[in-house]
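Comments concern the structure below.
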Amino acid sequence: MSGLQGRPKPRPEWRGAVKLLFAFQRNQTPGKLETVSHDDTRVDIYDPPTAPMATVIFVPGLAIRGREDPRIRRFGWALCAAGARVLIPDIPSIRALKISARQPAEVNALLKSLAQDRTMVTTDDIALMSVSFSSVFVLRAALDRALADRVSALGLIGGYFDIEKVADFLITSEHADPYGRLLIARSYFAEFESAEQGVVAALKHAVERSALDNAQPNELDDLFDVNDPVEKSLHRLLSDPEARRGFLDKVVKVFDGNWAGYRVPQQLPQSMPAVFLLHGRTDPVIPTEESRRLAHRLASQGVAHHLCVSNLLDHGNTAISLRRAVDVYHLVVGFAWFLARLRR
Numbered sequence: 002m003s004g005l006q007g008r009p010k011p012r013p014e015w016r017g018a019v020k021l022l023f024a025f026q027r028n029q030t031p032g033k034l035e036t037v038s039h040d041d042t043r044v045d046i047y048d049p050p051t052a053p054m055a056t057v058i059f060v061p062g063l064a065i066r067g068r069e070d071p072r073i074r075r076f077g078w079a080l081c082a083a084g085a086r087v088l089i090p091d092i093p094s095i096r097a098l099k100i101s102a103r104q105p106a107e108v109n110a111l112l113k114s115l116a117q118d119r120t121m122v123t124t125d126d127i128a129l130m131s132v133s134f135s136s137v138f139v140l141r142a143a144l145d146r147a148l149a150d151r152v153s154a155l156g157l158i159g160g161y162f163d164i165e166k167v168a169d170f171l172i173t174s175e176h177a178d179p180y181g182r183l184l185i186a187r188s189y190f191a192e193f194e195s196a197e198q199g200v201v202a203a204l205k206h207a208v209e210r211s212a213l214d215n216a217q218p219n220e221l222d223d224l225f226d227v228n229d230p231v232e233k234s235l236h237r238l239l240s241d242p243e244a245r246r247g248f249l250d251k252v253v254k255v256f257d258g259n260w261a262g263y264r265v266p267q268q269l270p271q272s273m274p275a276v277f278l279l280h281g282r283t284d285p286v287i288p289t290e291e292s293r294r295l296a297h298r299l300a301s302q303g304v305a306h307h308l309c310v311s312n313l314l315d316h317g318n319t320a321i322s323l324r325r326a327v328d329v330y331h332l333v334v335g336f337a338w339f340l341a342r343l344r345r
């Protein structure tokens, strides 16, 4: 944990944190939920029963149901229970389970547009939150001059620091959820080798099937028909160690080029908003070490932050048992720290 020198530390919002976790655990729905259109984008607005202390804009991760994903809705209500107005936009390319060269700029433009719309953001202060691959979007947005003066805090759940290490883990590790490998492969072939229409279609089908049936990791043997020549070649590409290493080399090159927008900026100014990092200890998509690396970088550059690694969270898991007192306490501390920084 690190704080800025000379700046008074906000008092933790213990009450709000307890309300948040209790609402999340009980799947409560306080306040009001309304879906509106903003520049052709559907946005869910969660309004608390009383005047909001701040507005939280939450960017969904690569979930096929987008803002309608039950896990995202549950978290939106939990933030609402803590007293925040919550905006959760549908971002078509993210909901389509793609990463692309255009996506970082698209998300940044949407965040700026939402922040400038006083009918959407009705408070002075804005917090940005996101999960998984989308964490880089809010991190970059907080450094944008058009948003920097409005953003009070960031919340990154299951985020990352080094996209190359994440790609290496997802593509080559036997411990990684195959979903991440499929997602990268589908996005890569769609953008850089789109002439292989059969390949793109087969990967799209496999990614969507895996995303819809996400109670547990889907094995590649169950997602590809090895009697089909195209699917057999994909199965080999994504399962054979040597083929996977060769594919990783291709992916790393595009993260240096067209996909450079997914890299975390190397310079994180001390003046940037406080950052709350939350990560599941056994996350099978983005390793916990990624949030630790990001926390180390934030500390080295004097950025206020709080890291919470929880045994109660995996990637996208919504199960929180209040019987595990120590783990729950760490979550309360983390969210109390974050909520205290929503207002400046």
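Heads up: the sequence shown runs through residues 2 to 345, numbered per the working numbering.
Every residue, glycine too, gets a C-beta built ideally from N, C-alpha and C.
Since the structure is predicted, the reported quantities are computational estimates derived from the model, not experimental observations.
Figure out for me which residue from the options has the closest Cα to the Cα of residue i.
i           : options               : result
residue 242 : 218, 175 and 19       : 175
residue 208 : 231, 90, 182 and 193  : 182
residue 239 : 203, 266, 260 and 256 : 203
residue 162 : 146, 135, 121 and 47  : 135
residue 115 : 304, 310 and 89       : 89
residue 59  : 36, 87 and 69         : 87
residue 166 : 304, 264 and 13       : 264
residue 251 : 169, 201, 288 and 289 : 169
residue 305 : 147, 342 and 287      : 342
residue 29  : 53, 36, 57 and 77     : 77
residue 192 : 13, 99, 69 and 68     : 99
residue 53  : 31, 65 and 73         : 31
residue 36  : 63, 10 and 74         : 74
What does the alpha-carbon distance come out to for the pair residue i and residue j?
i           : j           : result
residue 117 : residue 150 : 12 Å
residue 329 : residue 195 : 46 Å
residue 316 : residue 108 : A caution first: residue 316 carries a pLDDT of 48, below 50, which makes its placement in the model too unreliable to give a value.
residue 296 : residue 226 : 42 Å
residue 285 : residue 177 : 5 Å
residue 34  : residue 271 : 36 Å
residue 354 : residue 42  : The displayed coordinates of the chain run from 2 to 345. Any statement about residue 354 would go beyond what the structure contains.
residue 23  : residue 257 : 43 Å
residue 313 : residue 298 : 25 Å
residue 345 : residue 15  : 17 Å
residue 180 : residue 110 : 28 Å
residue 261 : residue 133 : 17 Å
residue 124 : residue 154 : 14 Å
residue 145 : residue 106 : 11 Å
residue 6   : residue 300 : Only weak support is given to the placement of residue 6: the predicted model assigns it a pLDDT of 49, under 50, and the question is left unresolved by the model.
residue 266 : residue 141 : 7 Å
residue 331 : residue 337 : 10 Å
residue 39  : residue 91  : 10 Å
residue 259 : residue 27  : 43 Å
residue 143 : residue 57  : 13 Å
residue 201 : residue 102 : 17 Å
residue 128 : residue 199 : 42 Å
residue 339 : residue 55  : 12 Å
residue 139 : residue 222 : 36 Å
residue 219 : residue 68  : 23 Å
residue 1   : residue 12  : Residue 1 lies beyond the stretch modelled for the chain, which goes from 2 to 345, so this question has no answer here.
According to DSSP, which residues form a beta bridge with residue i?
i           : result
residue 307 : 277
residue 33  : 48
residue 130 : 59 and 156
residue 42  : 39
residue 90  : 44
With 16 as the cutoff for other CB atoms within 10 Å, does residue i come out buried or exposed?
i           : result
residue 213 : exposed
residue 335 : buried
residue 71  : exposed
residue 230 : exposed
residue 126 : buried
residue 217 : exposed
residue 326 : exposed
residue 268 : exposed
residue 20  : buried
residue 93  : exposed
residue 211 : buried
residue 45  : buried
residue 232 : buried
residue 291 : buried
residue 1   : With the chain running from 2 to 345 in the structure shown, residue 1 is simply not present.
residue 61  : buried
At a Cβ threshold of 9 Å, is residue i touching chain D?
i           : result
residue 334 : The chain labelled as chain D is not found in the depicted structure, where only one protein chain is given.
Check whether the Cβ of residue i lies closer than 8 Å to any heavy atom of the ligand MG, and answer yes or no.
i           : result
residue 225 : Among the components modelled here there is no ligand, and therefore nothing to report on the ligand MG.
inquiry  = Tell me whether the segment 235-246 and the segment 273-285 touch, counting them as touching only if at least three CB pairs, one residue from each stretch, are closer than 8 Å.
reply    = As far as the Cβ criterion goes, the segment 235-246 does not touch the segment 273-285, which means the pair count is below three.
Any contact between the segment 41-56 and the segment 75-86? By contact I mean 3 or more CB pairs, one from each, below 8 Å. Counting Cβ pairs under 8 Å, three or more are found: they touch.
Counting pairs of beta carbons, one from the segment 142-158 and one from the segment 183-190, are three or more of them closer than 8 Å?
Contact between the segment 142-158 and the segment 183-190 is absent, because fewer than three Cβ pairs lie under 8 Å.
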